[in-house]
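Inspection log for the structure reproduced underneath, given as structure tokens.
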Amino acid sequence: MKTTNKPADSLVLELQERAKELNCLYIIEDTLNKSDISARQAFHTIINTLPQGCQYPDSCRVKLFYEDITYQTSEFEESKWFIQVDIVVQEKVVGLIKLFYLKELPKADFGPFLKGEKKLLNTVAERLGHFILHKKLKNVFKEMNDVRETVSKSSKGEWQIVLDMIRKTDPNLFMSLMRKLLHFLCWKGVEEAEMLMKHASIKRRVVEFEEESDENKPMKIKKIANYDEYVDTIIRLAGENLTDDIILARIQKWIQEDKSSGLVKVVENQDTSLTEISDAIRKYYHISPEKLELSPSTVKGLRVSLLRRFFTDQLDFISVAKEYVKLTDFYKLIDKMIFPPASHGKLGGKSAGLFLSYHIISKESENDPLIQNIKIPKTWYISSDGVLYFMQYNNLEEVLEQKYKEIDEVRIEYPHIVQLFKNSEFPPDIVKGLSVALDDLGEKPLIVRSSSLLEDQLGAAFSGKYKSLFLANQGSKEDRLIALMDAIAEVYASTFSPDPIEYRAERGLLDFHEEMGVMIQEVVGVKVGNYFLPAFAGVAFSTNEFRWSPRIKRNDGLIRIVPGLGTRAVDRLSDDYPLLASPGQPSLKVNVTPEEMFRYSPKKIDVINLETNEFESIHIKDLIKKYGQEYPNFSEVFSVYDSNIVRPATQFDLDDEKKELIVTFDKLFIKTDFLKKVDLILKTLQAKIQSPIDIEFACDGNDFYLLQCRPQSFTGDITSDNIPKDIPEEKILFTAKKFISNGRVPEITHIVYVDPVHYSEISDRNRLLQVGRAVGKLNKLLPKRKFILIGPGRWGSRGDIKLGVSVTYSDINNTAMLIEVAKKKGNYLPDLSFGTHFFQDLVEANIRYLPLYPDNEGIIFNESFFHNSVNIIRDLIPEYSHLEDTIKVIDVVNSTGGSILKVMMNADLNIALGVITDETGVSESEKVHKDLVENHSGEHWKWRMKIAEKIASELDAEKFGIKAMYVFGSTKNTIAGPGSDINLLIHINEKEAKLNDLNLWFEGWSLCLSEINFLRTGYKSPGLLDIHYVNDEDIKHKSGFASKIDAVTDAAAPLKLKNNQS
Amino acid sequence: MSSKDFNAFEMAQAQFDKVADILNLDDSTRQLLRNPLREYHFSIPVKMDDGSVKVFKGFRVQHNDARGPAKGGIRFHPQETVDTVKALATWMTWKCAVVNIPLGGGKGGVICDPHNLSMREQENICRGWVRQLARNVGPLNDVPAPDVMTNGQHMLWMLDEFETIHGAKYPGFITGKPVGMGGSLGRTEATGYGVIYTVREALKQLNIDITKTTASVQGFGNVAQYAIELYTLLGGKVICVSCWDQEDQVSYTFKKADGVDLNVLRSITNKFGGIDKDKAKELGYEILGGDIWIEQDVDILIPAALENQVRGDNAQKISKKVKVLAEGANGPTTPEADKILQEKGIFVIPDFLANAGGVTCSYFEQVQCNMNYYWEKEEVLTKLDSKMTAAFHAVSDLASKRKMFMRDAAYVISINRVAQACRDRGWV
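Top to bottom, those sequences are chains A and Y. Note that my numbering gives residue 143 to position 143 of the first sequence, counting from 1, and the numbers run on in steps of one. Note that my numbering gives residue 2 to position 2 of the second sequence, counting from 1, and the numbers run on in steps of one.
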């Protein structure tokens, strides 16, 4: 953003001016907020402070008139250079402030005065107005209280004094009180009052007629007569029918209601801008001398309106939030909001979730000290229309059309948009807001997060698509401000990145008006060496979809926790592991042996480097070696690993460099109430929000911070399936009713079934090991995530191999699902492993686990399907054909005449179902989701098939010596994804083939297609074509890929060549 | 279960029968050694965290203690069977006898899955196990150690319970304790160094100068690293190691023709023995496929990773230059491969001799505990050297005298030692 020096210089100047103004405002605000200050003192403070907020304090003089008294600064002189503003109380001018410059000074916006100075004066006058009103009201209340006290002592009727006083000072209020009193009397059943109500239709505005033109005079007199009579009657009736206490209490309540009516009006009106709302809230806050007690209905009404304006129209959210969020909470909120003038924006889904959950926890903590002192980091918000304002200011509106472009165009242009945004200026009022925010947040590292409105609609499947950026926020204010604006611009630009646009296109949401709120949040943490990080952070889910023990119940929850920034816990990692624990079962560990604990302990940590101002992933070992002594809550996080024992570490362990320190959180989990606390938070939020939820959290060593909260149903891959009831039994392959988790399993085309009976009958250890190796081979050959493994007992069993197939994670890493069958032997039911041997790998790769108990009552296990289907093991791994009794490889599509296997899981019902189904057998609600995905994924194979046909038709068979060409694999099987190759099989005439030329020709195609594919999908590859040559000899022997031609299963499809008769 | 099932104990008995034939053992000796001397089956009631009581099934098998107190691990396994425990106890008897340490064979276990148990519950299982057996185990009759899913922590709980019952300190009751709590120094090095002590002796016997030899090692875990350390110290040159890459889920071979530098490799290795292949490349290492280690033109092959690594399908690829194969891992060679190795005339140091450094060090731990005096690391390693060297020569002498293969000779010698002890005691 540093284009030239000039804007930066003027920016600094402007910022300095702004700082002066703010300082001045703070002093005034401070003084006026003192409860015991007199009006005189207040006026003196104002006139003496105001010059400090001006450009030229030395030559500035101030004069203030109020109620016939004049206040002025010392050495006061009048001059011709001045600005002035009225002091208004309840729409009546009661005074005036004038600001003078004594000599001629450089010209600015208004004579020598800056816009800012004018604004400052306006603000001070307005604030003074509130102050005066506040004072007045306070007096009224004081008198009322005095009256009340005397009433209790002396005779009846003195409440009338109060009414008299109000009648003189505030006729509007008086009339309103009269009407309410009349209603109240009617309500109490006073007949005379009812009569009065029917016959006297007195307008409230009647008083104002006094000041109007002569024409109205006759009418006025008539009304006045009525008016006095009317008032007297009401007062008489009240005196006769009600006790003094009741009347006084009522009057007090009505006065308060009247004062809040302004706020209600403003908030209820959808046309008012955020600025107006915030002014109204500020005013309401100032004039409530002691916390006004509004009627519960008014309060709720106000809460709902405010929630709607600030957060969302979603009824689910509002109905919960209105019970927990107080009006004063909004006052605190608007102080931290930055928004364009006349803004109608909202704060977005993320802000809403955090705001709500924090207030639920705060309120519920009254019942349980365990969740007291849960904090949220200091946060500033930019309203969702900030992005539009930013774009309008820079004339970038055409970018809005981006979403209607072709996705490859969007992808090409995205980097430019990022640059464009980063090189654009922020509107001055936003810059000022950000500057104030930075002063408030100080030099602590920040995270700039998107808080989009679409997240509300769609859930978190969406949220990951927008950016969150960490800022070290170090250095001069100027640098920090520039970095902050840079980050916000980048977050704004991410609205136009191809991924979310593609996602929205798929779901038909392009036309939904996307606006994005931004949260500027302090990063929770402490300084460790030159790094900044929390002691630990992570995510927690109120329902657990990855259970490693049957003792863990679904609602025991799941926590993923890492040392340092939580980014490594939020994302699934390919090369590292977070620690897992179940808050409801704190003592059951995933990893129990020291080796497992070591293997699955995190090795890297995410931190903010305060020197380079970068977000970094570094090795925990290096960090501990250098700065272990400074690490917060060291012994709760780390343990010493000594080949055969793991124990919590102490700071002294750092002295011995040979000691191996690993992250286990043992002490945190066992010796502190951390897990109990998380459990209570999850359970409380789940109960109140009435949905499973997940939270993000962090701890700086002292306090527990809540960073995010959202309904768990938003997390795409763990929603539950609908279990249709009308599936004919012959279509069901298996059912399970124990330990079911939610989770999506894609359509399955192949099953690898290890027959429990045959497996247990193998007596040769080597043969047992071969079964594992065969599974490993199949894992490499079968289509990734399109097959499932079904086998007896414990997959991955190392020691006692007969208890389960001996495999390592690499032997099963492509499966979609791992199924363990517990078949009774005699009267003995084997225990299942729940995948413990590679549990964390399964979690990170999102491979689902399912235990089957075929002998249990009401369970279907269609063994005959496994026995009777064609076993294609010979075709795939002929070297293991001797195991064909034990291992069945079933091509579901071929065996069933075009159907696939679908596994539906519903943890709420605790039912899972494996069903042989075709496209039409899908339930309606499923279909919607499926259509979206299918249509989309269908594109990939269709496009590839078209390309394959095109290539064949362009290929000069004679010239290159080619006999035939085939397509096989994912393109042919219609399962190609955005990153798939196109597998081509070329049958060459060995004598005539010109392989060199041919290779060149294909290489050209391959590179071009790869580029096109990248533009379409964002997947990069070194080439899209995977070419295999076979000759007559190969085909004769069906060796290698030649076996695909005319194969029993998954045969290659021939393509029509140019110049080829066939 | 049908009789066709794979049964570890039957396999152990079959193996014994084969050797018994060679030794021409009489029937009563056979009967005694085919079966354990004593088997304990008992119940361990444990109060669970939720207040309920669960009863766990525990075992201890003392296969033979003619040569000294039974020695063997305690396993926590959900599908533990007494047959497995019996088989493992039998193997322990032979293993202790082959290195000629005065210990017998035992094994124990509890049917449980620690993944489903809290630490407190596991502690109560450990203490319950000792309470049931306090009179039948101890430093003078049966010495447990950690095994599958048990570790130093479990051993300390058990030791504490034992000492509480007997009202005195008996650190020699159990081995595998942490250093400082009765553990022995040199434990980490023991197995890897033990492998090389036997390799050194083998080379001497084959009249090969170790400083002129090269080796290829499979694996880069604890055993492999210390084997490479000592071998390099003795002047040998390791030209390649292979190890598993967690990220890519395949193994790679890291080759450097002029010899790998152990310290450099260690500095780029994670704790599971996975070498960072990008850094290795920068350092001039050639990155090859995981199976390449076996095809190298070296004098010595050391499979020190997993079982079943030298198989019928790859044993043929072993270079003609290879003279010695030392089994650092357990069961790295399949029976088919064994035949090929015999045909090729490769000198095989069988696993239960080559990697017996571990159990020997456990014995040293017990010795030190019993006298409550702990040796320096050098002393442990020196004593280990003499034990391993003696054990090697006993086996190789027999092999050359009787023209037997090393693996068979090792079994013969150990079973013979146990049988002799039984006879000397007048049992048979």
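Backbone N, C-alpha and C fix where the C-beta goes; we use that ideal spot for every residue, glycine too.
N- and C-terminal bounds of the beta strand (DSSP E) containing residue i
{"i": "isoleucine 962 of chain A", "result": "962-968"}
{"i": "serine 450 of chain A", "result": "446-452"}
{"i": "threonine 49 of chain A", "result": "No beta strand (DSSP E) contains threonine 49 of chain A, which is instead part of the alpha helix (DSSP H) from 39-49."}
{"i": "lysine 604 of chain A", "result": "604-609"}
{"i": "isoleucine 239 of chain Y", "result": "237-245"}
{"i": "valine 646 of chain A", "result": "645-648"}
{"i": "glutamine 218 of chain Y", "result": "214-218"}
{"i": "arginine 560 of chain A", "result": "558-563"}
Nonlocal neighbours in the same chain, by C-beta distance under 7 Å from residue i, ignoring five residues either side
{"i": "valine 821 of chain A", "result": "Pro756, Ile790, Gly791, Pro792, Leu852, Pro854"}
{"i": "serine 213 of chain A", "result": "Unreliable positioning characterises serine 213 of chain A in this predicted model, as indicated by a pLDDT of 46, which lies under 50. The coordinate reading is nonetheless provided below. Answer for serine 213 of chain A: no residue qualifies."}
{"i": "lysine 1058 of chain A", "result": "Ser953, Glu954, Leu955, Asp956, Ala957"}
{"i": "proline 36 of chain Y", "result": "Val61, Gln62, His63, Lys86, Ala89"}
{"i": "proline 534 of chain A", "result": "Val524, Gly525, Gly564, Leu565, Ala698, Cys699, Asp700"}
{"i": "tyrosine 101 of chain A", "result": "Tyr56, Ser59, Cys60, Ser79, Trp81, Pro112"}
{"i": "leucine 121 of chain A", "result": "Ile83, Val85, Ile97, Leu99"}
Residues that residue i bridges to, as DSSP identifies them
{"i": "leucine 99 of chain A", "result": "A/Val62, A/Ile83"}
{"i": "alanine 1078 of chain A", "result": "Outside the displayed range of chain A (1 to 1062) lies residue 1078 of chain A, so it cannot be described from this structure."}
{"i": "alanine 145 of chain Y", "result": "Y/Gly73"}
{"i": "arginine 38 of chain Y", "result": "Y/Gln62"}
{"i": "methionine 904 of chain A", "result": "A/Leu913"}
{"i": "histidine 750 of chain A", "result": "A/Phe787, A/Asp891"}
Where the alpha helix (DSSP H) through residue i begins and ends
{"i": "cysteine 54 of chain A", "result": "Run containing cysteine 54 of chain A: none; DSSP gives neither H nor E here."}
{"i": "cysteine 186 of chain A", "result": "171-187"}
{"i": "aspartate 1026 of chain A", "result": "Looking at the DSSP string, aspartate 1026 of chain A is not in any alpha helix (DSSP H); the run it does join, the beta strand (DSSP E), is 1025-1030."}
{"i": "glutamate 490 of chain A", "result": "477-493"}
Local Cβ density within 10 Å of residue i, reported as buried at 16 or more and exposed below that
{"i": "phenylalanine 652 of chain A", "result": "exposed"}
{"i": "arginine 773 of chain A", "result": "buried"}
{"i": "lysine 589 of chain A", "result": "buried"}
{"i": "arginine 874 of chain A", "result": "exposed"}
{"i": "tyrosine 26 of chain A", "result": "exposed"}
{"i": "tryptophan 187 of chain A", "result": "exposed"}
{"i": "lysine 387 of chain Y", "result": "buried"}
{"i": "histidine 416 of chain A", "result": "exposed"}
{"i": "tyrosine 466 of chain A", "result": "buried"}
{"i": "threonine 243 of chain A", "result": "exposed"}
{"i": "valine 53 of chain Y", "result": "exposed"}
Other residues of its chain near residue i: CB distance less than 6 Å, five sequence neighbours each side excluded
{"i": "lysine 888 of chain A", "result": "Tyr753, Phe866, Asn871"}
{"i": "arginine 504 of chain A", "result": "Leu510"}
{"i": "leucine 128 of chain A", "result": "Ile87"}
{"i": "glycine 172 of chain Y", "result": "Pro139, Gln366, Cys369, Asn370"}
Contacting residues, own chain, Cβ-Cβ under 8 Å from residue i (five flanking each side not counted)
{"i": "asparagine 813 of chain A", "result": "Asn779, Asp841, Ala845, Ile847"}
**Message:** Pairs of beta-carbons, one from the stretch 1033-1045 of chain A and one from the stretch 983-992 of chain A, closer than 8 Å: are there three or more?
**Reply:** The stretch 1033-1045 of chain A vs the stretch 983-992 of chain A: in contact.
**Prompt:** Between the stretch 436-453 of chain A and the stretch 519-537 of chain A, are three or more C-beta pairs nearer than 8 Å?
**Reply:** Segments in contact, yes.
**Asked** Do the stretch 315-333 of chain Y and the stretch 344-354 of chain Y meet, that is, are 3 or more Cβ pairs less than 8 Å apart?
**Response** The stretch 315-333 of chain Y and the stretch 344-354 of chain Y touch, with no fewer than 3 CB-CB distances between them shorter than 8 Å.
**Prompt:** Contact between the stretch 606-614 of chain A and the stretch 577-597 of chain A: three or more CB pairs below 8 Å?
**Reply:** Cβ pair count under 8 Å is below three, so no.
**Asked** Is the stretch 286-303 of chain Y in contact with the stretch 214-221 of chain Y, if contact means three or more CB pairs nearer than 8 Å?
**Response** Yes, the stretch 286-303 of chain Y is in contact with the stretch 214-221 of chain Y.
**Message:** Taking contact to mean 3 or more Cβ pairs, one atom from each stretch, closer than 8 Å, check whether the stretch 397-415 of chain A and the stretch 431-441 of chain A are in contact.
**Reply:** Cβ pair count under 8 Å is below three, so no.
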